[in-house]
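Numbering (my numbering), first residue to last: 672 to 788.
Virtual Cβ for every residue (Gly too), placed ideally from N, Cα, C.
For reference, the structure is listed below as C-alpha cells.
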C-alpha cells in the first residue's frame, strides 16, 4: 500500500511539473511569436524534455537545460541577469530558447536553418 501511495504521489508531482512546463511553452510562444508546438518539439528532440540536461560539445562549449542553450550565450544572457544555473529552470530555459529562436528567424527566415542555428 505504501508503495502505491508513493507511486501515486510521484505521478501527481510529475503531472504538476509537466503542466507548469506546458504553460511556459505557451507563454514563451506567445511572447516571441513562435508556435508552442515547435518549442515543445525542439525540447523533445534536444533533451527529451530533461530540464537538467547538460552536454559537452567538441569545441568545449556546453548545451544546457531542456532546450540545450549553448554556453556561448552566457555572456549575452548575463546582461539580462541570467546565469548558467538559471538555465536549469525549465521556464527560464524555455523563454531563452524561444528568444534565441526568434532572433534566428528574424535573421535567417522561418525555416530549418533558423531552428538549427
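| Query | Result |
| --- | --- |
| Which of helix, strand or coil DSSP assigns to residue 734 | strand |
| Straight-line Cα distance separating residue 758 from residue 734 | 10 Å |
| Terminal residues of the alpha helix (DSSP H) in which residue 726 lies | It is not in any alpha helix (DSSP H) - residue 726 instead sits in the beta strand (DSSP E) that spans 725–727. |
| Beta-carbon spacing of residue 807, residue 721 below 8 Å | No answer is possible for residue 807: the residues shown for the chain start at 672 and end at 788. |
| Nearest-angstrom Cβ-Cβ length linking residue 710 and residue 723, presumed shorter than 8 Å | That pair is no contact at about 18 Å. |
| From 772, 693, 705, residue whose alpha carbon lies closest to that of residue 744 | 772 |
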